[in-house]
Amino acid sequence: MTKRAIMWFRRDLRIADHPALLAAIENSDEIVPVFIMDPKQNGKSGGKRLAYMANSIKALDKSLGNNLHVYRGDQVEILKELMARYGATEVHISKEYEPYGAARDQRVRDAGINLIENGSPYAVAPGRVRKPSDDTPYRVYTPFYKAWLAHGWRAPAPTPKKILCSTPGESDRNFPDWVEPEGTHIFEAGEAAAHKRWKHFRDGALAQYDEQRNNAGVDGTSKLSAHLKWGEIHPRTLLAELGESKAHDTYRKELAWREFYGDVLFHNPHTVNEYYNPAMKEMRYEEPGAAFTAWCEGKTGYPFVDAAMRQLVTEGWMHNRTRMVVASFLVKDLHIEWQHGADFFMEHLVDFDVASNSHGWQWTAGCGTDASPYYRVFNPIEQGKRFDENGDYIRKYVPELAHMSAPGIHEPWNDLDGYSQGYVDRIVDHAVERIEALERLAEIRK
């Protein structure tokens, strides 16, 4: 009899550097590759992320010789039916650490399904890097990074030379028909696209990454976040090709931020929506209203903020520097709680990662993993002048200001021609709101 094992793909839509896939191949004569769409999880995903996932699933199917079994429904019911049909006794997975995925896998395990875990979405699995002094998890990034480096990680797993798959029937091919929403343009999905983008970045912008990564108007970042989120490429693959230059070390540190936030959420699962620093919950906040709508639509009157928000809505991605700027603006200029912004990002980001999103927001909002963070208030005008000096980023996403040149484009209210093409006036005065934010902080520290 042919021995079969199920390979259950989730956030690991690739063939290369995939320990769980290798284990499934080694433990069987033939694998049954499976992807199960989760109605609960998909219900929280915006149209752009669903479209990206659909494209990524199709790319994986092509890599598997069009043998991917695709379903929508309850994981336990589907896996049990497949195990009975194929005589499989093992379901191979990459281990999940974020709260929802971990709880789902435990539910599957409790139903009597033999889950075999190998690998994870991280170079170093959450929980492994701990303080040597007291064996507790790190709460601050820099010491975590040093310990993470010292811990090290395995070399990339080899790519299987041959994958024998069970042939699915027509009823096993329930591919979603999600397409990107009208007026949007998302990144190309799939493992091949991930490696193509990595090669483009590695052979080009990586050499100047330490100098260019914050400049929103240039193609200076890896733009691999969506590929990493969906596991189309593994961080080990990237780390294996990094050297010791300052630029390479800076990029390695950015990868480590993803690992740090994964570790923080693993030890503090409540912080998906709750405060890492609960004292900040007592601050006075405004209810989201017209100001929040203006922020969502990129109509705050601050060009750098508006460009970023419009990029998010149209592309499902936003430059990392501007993510911090728009988050600071929402919390410290508009005085709206960070969860509202985090939920909006969850709806629109193709690269949405729960750990990075929640803790990136909390870091900027001043309630996360930082020593004295709330005093850091990003100036949206100066940030634009510094990280979009020529105004190229603003002109690309805010056509009402495309006629303007730098430096006037960053402060259209000071230019006679600033509002001639219909750009909106500022909804708040940053200088005034910065003082207000610090006064609200003082209230809870009395």
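Using the numbering used here, read the sequence shown as starting at 192 and increasing by one per residue.
Every residue, glycine too, gets a C-beta built ideally from N, C-alpha and C.
Residues of the same chain with a CB within less than 6 Å of the CB of G559, apart from the 5 flanking positions on each side, are Y467, H550, Q553 in chain order.
Linking W448 to P334 through their CA atoms gives a straight-line distance of about 12 Å.
With at least 16 other beta carbons inside 10 angstroms of its own, A250 counts as buried. Contact annotation: L355 and E221 have beta-carbon atoms nearer than 8 Å. DSSP links W199 through a beta bridge to V225. Secondary structure at C356: strand, using DSSP grouped into helix, strand and coil. Beta-bridge analysis with DSSP links P328 to R321. The beta-carbon separation of Y243 and A346, rounded to 29 Å, does not stay under the 8 Å limit for a contact. In this structure, the CA atom of Q530 is about 36 Å from the CA atom of L212. S247 and D524 have their C-alpha atoms some 38 Å from each other. In the structure shown, the three-state DSSP call for I527 is strand. Cβ neighbours of R475 within its own chain (closer than 8 Å, five residues either side excluded): H526, R631, E634. Straight across, the Cα-Cα distance linking R393 with R636 is about 47 Å.
Just measuring C-alpha positions, the residue of N233, E580, W508, A214 sitting nearest W369 is N233. As DSSP reads the structure, V282 sits in a beta bridge with I197, L306.
Sequence-distant partners of V496 (beyond 5 residues in either direction) whose C-beta falls short of 7 Å from its own C-beta, in its chain, are V516, V517, F520, P571. Taking a C-beta distance under 8 Å as the contact criterion, P359 and H260 qualify as a contact pair. Rounded to whole angstroms, the Cβ separation of Y452 and S547 is 5 Å, and the two are in contact under 8 Å. Note on K490: 16 or more other CB atoms within 10 angstroms of its CB, so buried under the neighbour-count rule. Within the stretch 433–509, the runs of alpha helix (DSSP H) at least 4 residues long that lie entirely inside it are, in chain order, 437–458, 481–488, 494–506.
If you compare the alpha carbons of D579, P426, P372, A338 with that of G238, the shortest gap goes to P372. With a cut-off of 8 Å on Cβ pairs, the stretch 200–215 is not in contact with the stretch 264–280, counting fewer than three such pairs. A direct Cα-to-Cα measurement between Q502 and K352 gives close to 40 Å. The stretch 286–297 makes no contact with the stretch 421–431, as fewer than three CB pairs between them are under 8 Å.
R300 has its alpha-carbon roughly 11 Å from the corresponding atom of E308. F226 and P290 have their C-alpha atoms some 20 Å from each other. Under the DSSP definition of a beta bridge, Y262 partners with I227. A residue is called buried once 16 or more other Cβ atoms fall within 10 Å of its Cβ, and D326, having fewer, is exposed. Contact between W604 and R586 does not hold, since the beta-carbon distance rounds to 17 Å and is not under 8 Å. In the DSSP assignment, R364 forms a beta bridge with V261. Contact between S596 and G582 holds: CB atoms are separated by about 7 Å, below the 8 Å threshold.
The criterion of a C-beta distance shorter than 8 Å is not satisfied by L255 and P210. Cβ contact annotation for F543 (same chain, cutoff 8 Å, sequence separation greater than five): S236, R240, K420, F536, M537, in chain order. Going by beta carbons, I216 and L273 fall outside the 8 Å limit.
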